[in-house]
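Asker:
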Amino acid sequence: MKITSSTKLLAVIGDPVKHSFSPLMQNAAVRALGLDLCYVAFHVRPESVGAALNGMRALNIMGMNVTVPHKEAVIPFLDEISDEAARVGAVNTIHHIEGRLIGYNTDVYGILTSLKETAGLAPLPPTVAVLGASGAARGVVYGLGTRPEVERILIYNRTPEKAESLAREMSPWTHARLESYPLAETELVAGLRSSQLLINTTSVGMHPRVDESPVGDGAALHPDLVVYDIVFNPLETKLIRQAQAVGAKGVGGIEMLVYQGAKSFEIWTGIYPPVEVMKAALPRR
Ligand SMILES: NC(=O)c1ccc[n+]([C@@H]2O[C@H](COP(=O)([O-])OP(=O)(O)OC[C@H]3O[C@@H](n4cnc5c(N)ncnc54)[C@H](OP(=O)(O)O)[C@@H]3O)[C@@H](O)[C@H]2O)c1
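Just so we're aligned, residue 2 is where the sequence shown starts under the numbering used here, counting upward by one.
1. Report the rounded CA-to-CA distance for Trp-269 versus Leu-240, giving the unit in angstroms.
2. Run the CB neighbour count on Gly-254, radius 10 Å, all protein chains shown included, and call it buried at 16 or more, exposed below.
3. In or out: Glu-162 buried (at least 16 other Cβ within 10 Å) or exposed?
4. Taking Ser-196 as the reference, which of Ile-112, Pro-173, Val-69 and Ile-154 has the closest Cα?
5. Looking only at its chain, what residues have a beta carbon closer than 7 Å to the beta carbon of Gly-146, apart from the 5 residues adjacent to it on each side?
6. Considering only C-alpha positions, which residue in the set Asp-16, His-20 and Leu-10 is nearest to Tyr-40?
7. Using only alpha-carbon positions, find the residue among Leu-132, Arg-139 and Gly-140 that is nearest to Asp-230.
8. When you compare the CB positions of Pro-215 and Asn-201, do they come within less than 7 Å of one another, or not?
9. Write down the C-beta distance between Tyr-273 and Thr-114 rounded to the nearest angstrom, noting that I regard them as a contact closer than 8 Å.
10. Would you tell me roughly how many angstroms separate the C-alpha atoms of Arg-139 and Ala-59, rounded to the nearest one?
11. Taking any heavy atom of ligand 1 as the mark, which residues have a C-beta closer than 7 Å to it, listed down the chain?
12. Between the beta-carbon of Gln-243 and the beta-carbon of Leu-226, is there less than 7 Å?
Spelled out as structure tokens, the structure:
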């Protein structure tokens, strides 16, 4: 990669951001396509989000990814956001065009594409259980709700009120029936019996709490489930091992990350990047 005075900058902002895989995979795509771009990571604290976006305008930074915890906080500083990002209530991609900052949400594309390409689910099954009700869950539930074949979405959360409000907020955008439950063993056993796909969007099982699982001892899992864990650090979570132990298919979230990044890259450059190159740039474990 040759950096000159005409090289355009791309970046990710987050807090923390040191462990982000985005620079690795995005720069791999830049190199493969021979573009004059460079992607870096900026550690931005919550009180500096507005200043960071002003800096994006001032320095003519071409595009940004936004990661935890800023996906909602950036919205007031943008000139425009896509309908999808507005409905999800989170922006993970910003495109800077002639002084205007436009926000998108490519996590929705990431999960739907990974369910199809990685998990082999095309079409999606009629009943899907989602664990969690925070930022990531919003994109997942919205994305599932846009699919005509999905008839029921069961949302489970430790704090049940958040599952209720997520179901309420997303119901105008979907024909699917949205149900909310506490994340408790008895509720899970009953709900998973009629579900064909389980998606974990909680942070349970993520490094460093790698010995934890959002489904406890896994008694609610069954062999006819596909279990998709959007956590990608570690690549194989305890939940995935529990799924495999009962004969279910277990899929990790690393390819969701790749596909959301690929879509961001396309928004910035107009080119859909080689996803295999991006995947190959990521750590293997
Ligand atoms: N693969 C990808 O591309 C991708 C994209 C986005 C996010 N992610 C991953 O998704 C995960 C969640 O992201 P997020 O931004 O939504 O994080 P977050 O806001 O921290 O989400 C927290 C969620 O986890 C639940 N939770 C936390 N600790 C729990 C516990 N001990 N027991 C039960 N539930 C618990 C919370 O429940 P309460 O509401 O009760 O607190 C809430 O629903 C992270 O691991 C992130 O890396 C992956």
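Built from N, CA and C at the ideal position, the CB exists for glycine as well.
Answerer: In short, the structure shows the following:
1. 35 Å
2. Answer is buried; the Cβ neighbour count reaches 16.
3. Taking all protein chains in view, the Cβ of Glu-162 is surrounded by fewer than 16 other Cβ atoms within 10 Å, so the residue is classified as exposed.
4. Ile-154
5. Same-chain partners within the cutoff: Ile-154, Met-171, Trp-174, Thr-175 and Ala-177.
6. Among Asp-16, His-20 and Leu-10, the Cα nearest to that of Tyr-40 is on Leu-10.
7. Leu-132
8. yes
9. Actually they do not touch by this definition, with Cβ atoms about 11 Å apart.
10. 32 Å
11. Val-69, Asp-108, Gly-111, Gly-133, Ala-134, Ser-135, Gly-136, Ala-137, Ala-138, Asn-158, Arg-159, Thr-160, Lys-163, Leu-184, Thr-202, Thr-203, Ser-204, Val-205, Met-207, Glu-213, Pro-215, Ile-231, Val-232, Phe-233, Asn-234, Gly-254, Ile-255, Met-257, Leu-258 and Gln-261
12. Using a Cβ distance threshold of 7 Å, Gln-243 and Leu-226 do not count as a contacting pair.
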